[in-house]
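Numbering (this note's numbering), first residue to last: 230 to 675.
For each residue, glycine too, the CB sits at the ideal point set by N, CA and C.
Predicted model, so just to flag it, every value in this text is computed and none were measured.
One structure is given below, encoded as structure tokens.
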């Protein structure tokens with residue numbers, strides 16, 4: 230590890246840069262979830278010693294035992310790195326003084342009024358400020374509104390008595406993790422970096438270039454923060470567009486999937502987006518509201534963002550309407566019906582159900598008196614509306630024993646041809662049964 234103080238003939242910046250280049254720097258990663266753990270593993274793989282911090286004792290114990298819990302991390306890699314002592318985890322911040330670089334990957338949720346909730350960022354920054362020493366780089370990777378790094382974090386860090394640009398360095402480098410994506414990983418996804426000052430940018434760029442193929446420097450931390458919220462707002466707005474088209478096509482008795490497939494044959498001027506039961510995950514349902522909230526400070530109303538959120542939040546209700554209509558066609562009242570929800574994760578082939586539209590759909594159907602069961606190979610148990618459900622095996626007995634199957638998450642390891650054959654009726658919100666023959670009359674599309 231780099232020394233806690235620079236030698237007399239070197240600045241803290243020079244000493245830190247040398248430790249980054251020769252990979253003797255100790256890297257701290259705060260938050261060991263789907264962003265933090267893959268990042269920690271990439272750093273350890275090239276020889277850095279990595280100390281993770283997480284308040285979840287179970288996660289900490291698993292890492293120290295070399296046991297993986299994130300799908301984007303290879304079991305054998307984590308086991309080897311933990312065994313070699315290159316990666317370990319702790320539940321407190323005691324090791325902050327020995328860290329040369331501290332990367333913050335904590336949640337940034339919204340409160341009930343859709344306003345930014347930065348309590349985790351603030352809490353972590355205070356813990357660091359109490360223990361930091363000269364010669365450290367602090368990087369925020371959590372998604373947030375433009376200005377957070379400089380306006381919220383910097384004043385807290387300077388309560389340590391240390392001065393930015395001389396004693397420590399600060400940057401924002403937004404995470405770009407797509408859970409379950411085997412093509413684009415932490416290593417080969419372009420990394421945007423913005424520093425609070427040119428010195429911070431220089432140090433941060435050097436740090437990220439050690440393990441990431443393409444680093445994209447921008448002029449400031451605020452610019453880097455804007456990049457991330459724009460990326461997710463772009464997706465939210467385009468998803469809302471096709472969701473609204475689905476609502477309109479339903480009124481006009483048109484197949485929205487047919488319309489979109491034909492539209493996307495155009496080789497220019499269009500980009501494929503598809504409708505669904507709603508948007509989920511930690512990003513798309515939340516991040517646009519960070520930008521929407523910040524814009525009010527400038528007396529600016531972000532109309533597209535607000536409207537997109539309204540449309541996307543409406544989709545679970547639309548799925549409920551489809552379900553009730555399908556049950557009615559079978560002669561079943563909701564209170565005398567049993568429905569199987571297929572998929573609780575917010576996207577296919579992952580074990581994350583944060584903000585999942587499946588949860589909202591389930592809440593609505595429970596309110597209607599529907600008896601629910603669910604199957605998700607990635608989520609063994611879930612609590613919805615104070616009821617705890619366990620994933621049931623996808624057997625012929627289960628599928629034929631329910632009045633309706635609702636496909637919310639299109640997991641790849643499900644035989645949809647078999648499902649169509651065995652089920653009485655299906656509401657398919659993802660068009661995953663597209664290639665199944667003889668689905669007409671049995672499958673209701675979004």
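First through last residue of the beta strand (DSSP E) which encompasses residue i
i	result
residue 502	First-last for residue 502: undefined, no H or E at that position.
residue 497	Where residue 497 is concerned, there is no enclosing beta strand (DSSP E), given that its DSSP letter is neither H nor E.
residue 203	With the chain represented from 230 up to 675, any question about residue 203 goes unanswered, as that position is not in the structure.
residue 618	616-619
residue 612	610-613
residue 536	Counting along the chain, residue 536 falls outside any beta strand (DSSP E), though it belongs to the alpha helix (DSSP H) covering 532-558.
residue 367	365-369
Start and end residues, alpha helix (DSSP H) containing residue i
i	result
residue 286	286-293
residue 594	586-596
residue 428	427-438
residue 518	516-524
residue 563	From DSSP, residue 563 is part of no alpha helix (DSSP H); its letter is neither H nor E.
residue 646	645-651
residue 383	383-386
For residue i, the nearest candidate out of the options (CA to CA)
i	options	result
residue 409	437, 499, 300 and 346	300
residue 279	594, 261, 303 and 668	261
residue 614	497, 595, 605 and 372	595
residue 444	648, 422 and 342	422
residue 539	497, 510 and 470	470
residue 392	554, 363 and 371	363
residue 173	283, 309 and 620	In the structure as shown, the chain starts at 230 and stops at 675, and residue 173 therefore has no counterpart that could be examined.
residue 600	566, 571, 654 and 577	566
residue 459	562, 442, 481 and 518	518
residue 654	554, 620 and 337	554
residue 384	373, 372 and 397	397
residue 403	521, 516 and 622	516
residue 501	658, 468 and 560	468
residue 643	411, 486 and 571	571
residue 437	331, 535 and 377	331
residue 366	424, 275 and 295	424
residue 293	302, 310 and 303	310
residue 413	447, 455, 481 and 302	302
residue 275	259, 281, 255 and 378	255
residue 646	630, 625 and 270	625
residue 606	640, 597, 630 and 628	640
residue 541	511, 669, 507 and 379	507
residue 618	251, 660, 591 and 489	591
residue 478	491, 251 and 675	675
residue 631	342, 568, 347 and 312	568
residue 563	461, 573, 497 and 549	549
residue 239	377, 305, 628 and 395	395
residue 513	289, 621, 527 and 462	462
residue 670	358, 380, 559 and 509	559
residue 610	598, 321, 574 and 360	574
residue 318	305, 545, 373 and 285	285
residue 453	379, 612 and 543	379
residue 346	373, 359, 322 and 329	373
residue 288	313, 277, 321 and 355	321
For residue i: DSSP bridge partner residues
i	result
residue 568	601 and 633
residue 657	636 and 674
residue 408	None, per the DSSP bridge assignment.
residue 337	Residue 337 pairs with nothing; no bridge assigned.
residue 445	421
residue 345	339
residue 330	256 and 366
residue 393	397
residue 319	282
Cβ distance (whole Å) where residue i is taken to contact residue j below 8 Å
i	j	result
residue 400	residue 368	5 Å
residue 273	residue 339	Going by Cβ atoms, the distance from residue 273 to residue 339 rounds to 33 Å, so no, they are not a contact pair.
residue 371	residue 335	5 Å
residue 577	residue 638	6 Å
residue 375	residue 451	4 Å
residue 257	residue 324	7 Å
residue 537	residue 466	4 Å
residue 635	residue 649	In fact, because the Cβ distance is near 14 Å, the residues do not count as touching under 8 Å.
residue 521	residue 535	6 Å
Whole alpha helix (DSSP H) elements within the region 239-317, 4-residue minimum | Complete alpha helix (DSSP H) runs here, min 4: 241-250, 265-274, 286-293 and 304-312.
Inside the region 454-498 only - alpha helix (DSSP H) runs reaching at least 4 residues = Secondary structure in the region 454-498: the alpha helix (DSSP H) runs of 4 residues or longer, each lying completely within the stretch, are 485-492 in chain order.
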